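Everything on this sheet refers to the single structure shown next.
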Amino acid sequence: MFHGHDARPAPARPAQQGGVPGAGPRVVIAEDSVLLRSGMARLLEDAGVEVLAEVGDADALMGAIAAHPEVDLCLVDIRMPPTYSEEGIRAGIRIREEHPEVAVLLLSQHVVGRYAAELFGGRDMSRVGYLLKDRVADIDEFLTVLRRVAGGGAAIDPEVVSQLLSGHRGSALDRLTPRETEVLEVMAQGLNNAGIASRLTVTERAVEKHIRSIFTKLDLGQDDHDHRRVQAVLHYLRDHDRD
């Protein structure tokens, strides 16, 4: 299950919500597969999400954003023409830099830690998500994530978190206790302290203690709390890329 991050988003227009056509988030879909692109558009429209444009490459995506300044969220496939390598992630990063009010939900066939680290890089973790394509099959869960990200939250696919944590070797993360690792994993899924406490069946005070310990062991300094939460998550995302 996905949970929203309690980030403090930069000023942005709120996404429209609701269950009727025109009342949901306004979305641009960027996916090179015509069949998948059309299928996602149909699913979203049936759920009351307004699909403003459907495009097949990164250049067309940027053009669609320019043509539809009212867009709330871009649903972006990582691998698109012409090289089918990193066009999607590059477009996502560019959108976050040039259009910070527009949310980005990245779709990937496989877990690639570097992509997640780059997308979630920097201080602001609002309006961004990384989802495996398999999740699209569960339309209710998919819509929950899409609306959360469009509304200013963040989401990382639990499978991404699980694989990244299981893949690290010989890093600062080895200093963490098993419970601290659990807290970091749930933190990466976007839960605030109350949500972490509920998920792990512990008190919020215990969660706060574990988080302070995580910050110390990862040598995150004395920066503000929200920034250190982001950096803690990025630690294991980046660490995985060195394996």
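Each residue of the sequence shown is one higher than the one before, starting from 9 at the first, in our numbering. The C-beta atom is built at its ideal place from N, Cα and C for all residues, glycine as well. Predicted model, so just to flag it, every value in this text is computed and none were measured.
In this structure, MET48 lies away from ALA66, with their beta-carbon atoms at least 7 Å apart.
For the alpha helix (DSSP H) assignment, the uninterrupted runs of no fewer than 4 residues enclosed by the stretch 55-91 are, from N- to C-terminal side, 66-75.
For GLU105, the closest of HIS76, GLU94, SER116 and MET70 by C-alpha to C-alpha distance is MET70.
Contact annotation: ARG213 and VAL194 have beta-carbon atoms that are not nearer than 7 Å. In this chain, the alpha helix (DSSP H) harbouring ALA196 covers 186-196. Three or more Cβ pairs closer than 8 Å define a contact, and the stretch 92-107 falls short of that threshold against the stretch 41-55. By the Cβ rule, the stretch 180-194 does not count as touching the stretch 152-164, because fewer than three pairs are nearer than 8 Å. For GLY96, the enclosing alpha helix (DSSP H) begins and ends at 95-106.
Around GLU78, the same chain offers ARG34 and LEU60 as residues with beta carbons nearer than 8 Å, after the five sequence neighbours per side are excluded.
Of the residues ILE73, GLU58, ASP85 and HIS76, the one whose Cα lies closest to the Cα of VAL42 is ASP85.
A direct Cα-to-Cα measurement between THR185 and SER134 gives close to 28 Å. Per DSSP, VAL215 lies in no beta strand (DSSP E) segment; the continuous alpha helix (DSSP H) that holds it begins and ends at 212-225. For ALA205, the enclosing alpha helix (DSSP H) begins and ends at 201-208. Annotated three-state conformation of ARG135 is coil, per DSSP.
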